[in-house]
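Residue numbers for the sequence shown follow full-length UniProt numbering, beginning at 1 and rising by one. By construction, the Cβ of each residue, glycine as well, lies at the ideal position given by its N, Cα and C atoms. Below is one structure; the comments refer to it alone.
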Amino acid sequence: MGEKSKIVVVGAGVAGLTTALLLSKRGHSVAVVAKHMPGDYDIEYASPWAGANYLPVSAPGTREAEWDRITFAELYRLTTQVPEAGIHFQDAIIYRREKDSRSVSANWFSELLKERPWFASIVPEFRRIPKSELPLDADFGVRWKSMCINPAIYLPYLLSQCLKQQVRFFRGTLTHICQAVDFHLTSSAPSSSSNIVVVNCTGLGSSTLGGVTDSRLTPARGQIVLVRNTAPAMIVASGTDDADDEVMYIMTRAAGGGTILGGTYQQGSWSSVPDKATAERIMKRAVKWCPELVGEGKGVEGLDVIRHGVGLRPLRVGGARVEKEVIGGVRVVHNYGAGGFGYQASYGMAEEAVRLIEESLKEEVKARL
Ligand code: FAD
């Protein structure tokens, strides 16, 4: 590529870190600037709150399904070959109750709840659960060998992989996306906006960031309980009897990361405070669907809570935004708005962003000739 390209990624969640890593591995000179970094827990930073597991919710034949397909291969490679990434195999079990057919979660999980979803041919050991083995009021169930990421290990892992590739990191809060050009200080010659591409990975921050202010973004609030107990598998149900925007999922994170009990999917709610009554319902549902969490004869008192938390999924009406744009003379590529699938689509989305960034760099060179 001749002169090393200059790219500034804004955001250090799973989207920003994955994009920065792929760019640096392709020989680009990359800087990352972010208000929050791995290690932080904040309502403006979705990534640390995620489960995070691989349960595709994308419809067949869509670009989202392609992102999930690409990501599966890389997460599988990391799980089998890179133990320090903090990902392990865990069976996913999906239960469908016919009475949930119109619920928010049944709509969100519509692909997951099918008898033969598109991803059945790529995940290992996909099979239907015999009726005689279904618990409680489940009418149907499938299981396969899936993966669960421990974000407390995986985000620092991505960051250190970036450092190994000479990516530079800066703390900073931008009020306008074009301020990102000030953060590329690797060249001895002063940088100008004309030879820099900015990558916008600010998640929900894109709803207020100057130059972007995306009104299609909205939070899908997820309240969780992290416990020390261990679950034998990741379990998801199609709905709950408690509220339409409450969900039931359980997953045990890799390497002693505890077990996440979820949760909620409350669109439009920005509340950062865990609600006590909601937490009680989350724990009760988890013990009901997975009594092995606490051992025979025990109820929620058998759960050993590490922390209660709330994260905001960066949901975007009309779909995630992986797109290029010129803002105030600066070439920008967006990669945000992954809602509840930011990890499981991360490599597919980042690969698409990299393709657009390299197109933008070529356009820049052409424009300068
Ligand atoms: P974020 O992680 O929010 O990162 C945004 C970054 O941009 C931060 O570094 C922030 O500081 C920075 N930023 C924002 N504004 C500015 C600014 N003005 N200036 C500088 N920096 C700025 N996904 C899955 O795939 N599987 C799961 O199992 C899963 N479970 C989830 C459970 C919960 C409870 C939640 C909340 C989410 C879950 N998700 C899951 C979704 C996933 O967490 C998100 O899609 C993903 O983390 C979004 O990552 P991001 O990098 O786009 O945004």
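Contact set for residue i: own chain, Cβ-Cβ below 6 Å, skip 5 residues either direction
| i | result |
| --- | --- |
| serine 188 | Legend: pLDDT at serine 188 = 45, less than 50; position of this residue unreliable, value from coordinates given subsequently. Within the same chain, serine 188 has no close Cβ partners at all. |
| valine 310 | Gln223, Ser272 and Pro274 |
| alanine 120 | Phe126 |
| alanine 353 | Thr19, Val322, Val333 and Asn335 |
| isoleucine 93 | Arg143, Ala233 and Ile235 |
| glutamate 325 | Val332 |
CA-to-CA distance, residue j to residue i, given in whole angstroms
| i | j | result |
| --- | --- | --- |
| leucine 23 | valine 197 | 12 Å |
| tyrosine 45 | leucine 136 | 36 Å |
| valine 365 | asparagine 195 | 8 Å |
| glycine 2 | glutamine 166 | Annotation note: pLDDT 42 at glycine 2 (below 50); position unreliable, no value reported. |
| asparagine 229 | arginine 368 | 59 Å |
| alanine 59 | phenylalanine 341 | 13 Å |
| isoleucine 70 | valine 322 | 15 Å |
| lysine 6 | alanine 12 | 17 Å |
| aspartate 214 | glycine 339 | 14 Å |
| glutamate 292 | isoleucine 250 | 12 Å |
| phenylalanine 170 | aspartate 241 | 46 Å |
Boundaries (first-last residue) of the beta strand (DSSP E) holding residue i
| i | result |
| --- | --- |
| lysine 324 | 321–327 |
| residue 384 | The chain is shown from 1 up to 369; residue 384 falls before or after that span and cannot be answered. |
| phenylalanine 169 | 168–171 |
| glutamate 246 | 246–252 |
| glycine 309 | 305–316 |
| valine 8 | 6–10 |
The alpha helix (DSSP H) enclosing residue i, as first and last residue numbers
| i | result |
| --- | --- |
| asparagine 335 | Segment 330–336 is the beta strand (DSSP E) holding asparagine 335; no alpha helix (DSSP H) there. |
| valine 354 | 346–368 |
| threonine 278 | 276–289 |
| residue 422 | It is not possible to answer for residue 422, since the shown part of the chain is limited to 1 through 369. |
| tyrosine 70 | Contrary to the premise, residue 70 reads as isoleucine rather than tyrosine in this sequence. Per DSSP, isoleucine 70 belongs to the alpha helix (DSSP H) from 63–81. |
Which listed residue (the options) has its alpha carbon closest to that of residue i
| i | options | result |
| --- | --- | --- |
| leucine 209 | Gly172, Val236 and Ser110 | Gly172 |
| cysteine 201 | Val332, Asp139, Gly239 and Glu84 | Val332 |
| aspartate 182 | Leu369, Leu356 and Val30 | Val30 |
| glycine 256 | Ile153, Ala220, Pro60 and Trp289 | Ile153 |
| alanine 279 | Ala220, Lys6, Pro156 and Leu226 | Leu226 |
| proline 219 | Leu312, Lys114 and His334 | Leu312 |
| glutamate 133 | Ile87, Tyr95 and Val9 | Tyr95 |
| asparagine 150 | Tyr249, Ala277 and Ser47 | Ser47 |
| glutamate 115 | Asp139, Lys99 and Tyr41 | Asp139 |
| valine 14 | Gly337, Glu359, Glu363 and Lys362 | Gly337 |
| glycine 299 | Cys290, Arg307 and Ile306 | Cys290 |
| methionine 147 | Tyr343, Lys362, Glu358 and Val9 | Tyr343 |
| glycine 329 | Ile87, Arg63 and Gln179 | Gln179 |
| valine 212 | Gly258, Ile177, Val10 and Gln266 | Ile177 |
Own chain partners of residue i with C-beta closer than 7 Å, once the 5 adjacent residues on each side are dropped
| i | result |
| --- | --- |
| aspartate 244 | Ser103 and Val104 |
Own chain, CB closer than 8 Å to residue i, minus 5 neighbours either side, in chain order
| i | result |
| --- | --- |
| glutamate 66 | Gly348 |
| threonine 175 | Leu209 and Gly210 |
Near the ligand GTP: residue i beta-carbon under 7 Å from a heavy atom
| i | result |
| --- | --- |
| alanine 46 | The ligand content of the structure shown is limited to the ligand FAD, which means the ligand GTP is not among them. |
- request: Could you name each continuous beta strand (DSSP E) segment of 3 residues or more that falls completely within the region 24–49, going from the start of the chain to the end?
  value: 29–34
task: List in chain order: all unbroken beta strand (DSSP E) runs of 3+ residues lying wholly within the region 188–240.
output: 196–200, 217–227 and 234–237
message: Runs of 4 residues minimum, wholly inside the region 84–140: which ones carry the alpha helix (DSSP H) assignment?
response: 104–108
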